[in-house]
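For the sequence shown, the residue numbers in this note's numbering are 17 to 312. The structure under discussion appears below in the form of structure tokens.
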Amino acid sequence: MDSRLNAFLERAESVLARIEPLLPAPRPVIDWNACLAARWQRDGRSGFLLPLEVSLDMRLSDLIGVERQLEQLGQNTRQFLDGMPANHALLWGSRGTGKSSLVRALLAEYAGAGLRLIEIERDHLADLPRVVEQIAKLPQRFVLFCDDLSFEAGEGDYRVLKSVLDGSLEQAPDNVLLYATSNRRHLVPEKESDNENWKRVEGELHPSEAVEDKIALSDRFGLWLSFYPFTQEHFLDVVEHWIGQLAAKAGLAWQRDEALDILAVRWATGRGNRNGRCAYQFARYWVGLKLLEHKA
17 MDSRLNAFLE RAESVLARIE PLLPAPRPVI DWNACLAARW QRDGRSGFLL
67 PLEVSLDMRL SDLIGVERQL EQLGQNTRQF LDGMPANHAL LWGSRGTGKS
117 SLVRALLAEY AGAGLRLIEI ERDHLADLPR VVEQIAKLPQ RFVLFCDDLS
167 FEAGEGDYRV LKSVLDGSLE QAPDNVLLYA TSNRRHLVPE KESDNENWKR
217 VEGELHPSEA VEDKIALSDR FGLWLSFYPF TQEHFLDVVE HWIGQLAAKA
267 GLAWQRDEAL DILAVRWATG RGNRNGRCAY QFARYWVGLK LLEHKA
């Protein structure tokens with residue numbers, strides 16, 4: 017009898033070892049008192065919130081030259097945290113100009129006041145009702161963050177998204193808000209053919225239905241914030257800020273001079289952009305180079 021039982025248990029263990037990789041991983045239970053951010057993870061036809069380890073080293077003071085955008089989104093976020101009416105926000109404009117950094121800096125600033133961040137990809141926005149259902153009754157305040165929200169020509173998903181935004185967010189509990197970033201103000205590219213049917217009625221211009229349909233998606237966001245390409249002076253100020261931050265951590269003495277500015281401008285020109293991301297990358301390069309020189 018014992019030999020039969022042992023043989024059965026060994027066979028059962030062998031079967032389980034084969035089946036186990038096919039089973040879904042256990043879904044983590046999130047303690048929102050300790051966890052500051054999560055990502056919506058699609059799993060088959062469903063999904064779950066995956067807790068994230070986030071760094072809070074991005075501060076509002078690190079965002080140079082976007083004071084107006086910072087003040088407006090900060091005010092909107094404070095209204096949200098205080099239980100007052102607040103708007104969903106669309107941050108649009110040139111790449112690398114601080115859109116995503118601003119949202120993450122707000123998390124660092126207001127995490128202690130109960131702000132939490134949930135990242136959700138554009139392709140998963142149809143799952144918004146499921147996400148909202150999981151956090152609706154929690155005491156924390158949640159910003160659903162969709163980075164790089166845009167649609168290519170010919171994609172019809174934006175029509176589905178409009179109905180989802182209306183259905184899940186207009187009726188969402190007051191502890192949920194959507195912040196999205198995009199390089200496009202209207203999220204969907206406009207074609208020349210869209211404008212062929214504009215009409216003039218008694219001196220007023222009336223857009224075609226195609227244009228109205230595409231603009232309507234952006235209208236779901238009550239707050240629009242624009243981010244523009246950096247001027248050279250703005251770029252160099254951001255370079256100075258990040259070199260100062262990195263040099264202070266490394267104990268490196270330095271001073272801004274004309275040679276440094278010329279090197280930074282050449283760095284940006286070689287990459288074809290002049291923005292905050294490029295400034296940060298140059299600062300890391302320059303500080304690292306100086307540290308190597310001191311080590312040698």
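Think of the CB as a built atom: it goes at the ideal place given N, C-alpha and C, for glycine as much as any other residue.
- For Ile259, the enclosing alpha helix (DSSP H) begins and ends at 248-266.
- Looking from the CA of Leu52, the closest CA among Gln187, Val82, Val70, Phe161 belongs to Val70.
- Counted as a single uninterrupted DSSP element, the alpha helix (DSSP H) harbouring Trp302 occupies residues 292-311.
- Residues of the same chain with a CB within less than 6 Å of the CB of Trp270, apart from the 5 flanking positions on each side, are Ala263 in chain order.
- Counting along the chain, Ser242 sits inside the beta strand (DSSP E) bounded by residues 239-243.
- Cα atoms of Gln150 and Asp59: separation of roughly 16 Å, rounded to the nearest angstrom.
- Measuring C-alpha to C-alpha distances from Gly128 to each of Val148, Leu144, Arg94 identifies Arg94 as the nearest.
- When DSSP states are grouped into helix, strand and coil, Asp59 belongs to the strand group.
- Sorting Ser77, Leu160, Leu165 by C-alpha distance to the C-alpha of Asn199 places Leu165 at the top.
- About 5 Å separates the CB atoms of Val159 and Leu193; that is less than 8 Å, so the two are in contact.
- The beta-carbon separation of Ala196 and Ile259, rounded to 31 Å, does not stay under the 8 Å limit for a contact.
- In the three-state scheme derived from DSSP, where H, G and I count as helix and E and B as strand, Ser198 is classed as strand.
- Here Asn49 is exposed. Its C-beta has fewer than 16 other C-beta atoms within 10 Å.
- Between the alpha carbons of Glu125 and Arg282 lies a gap of roughly 34 Å.
- DSSP assignment within the segment 69-138 yields the following whole alpha helix (DSSP H) runs of 4 residues or more, N-terminal first: 83-97, 115-126.
- When DSSP states are grouped into helix, strand and coil, Pro44 belongs to the coil group.
- Contact between the segment 86-93 and the segment 266-280 is absent: fewer than 3 CB-CB pairs across the two stretches fall below 8 Å.
- For His140, same chain residues with a beta-carbon under 6 Å away, outside a window of 5 residues either side, are Trp56, Arg58 in chain order.
- Ranked by how close their Cα comes to the Cα of Leu86, the residues Leu66, Phe243, Phe64 have Phe243 in first place.
- Residue environment for Ser77: exposed (fewer than 16 other C-beta atoms within 10 angstroms of its C-beta).
- Under the DSSP assignment, Arg157 falls in the beta strand (DSSP E) whose first and last residues are 157-162.
- From the listed residues Glu274, Pro44, Phe96, the smallest Cα separation to Pro189 is found for Phe96.
- Of the residues assessed, Gly99 falls on the exposed side of the cut-off, its CB having fewer than 16 other CB atoms within 10 angstroms.
- DSSP, read as helix, strand or coil, puts Pro67 in strand.
- Under the DSSP assignment, Leu25 falls in the alpha helix (DSSP H) whose first and last residues are 18-35.
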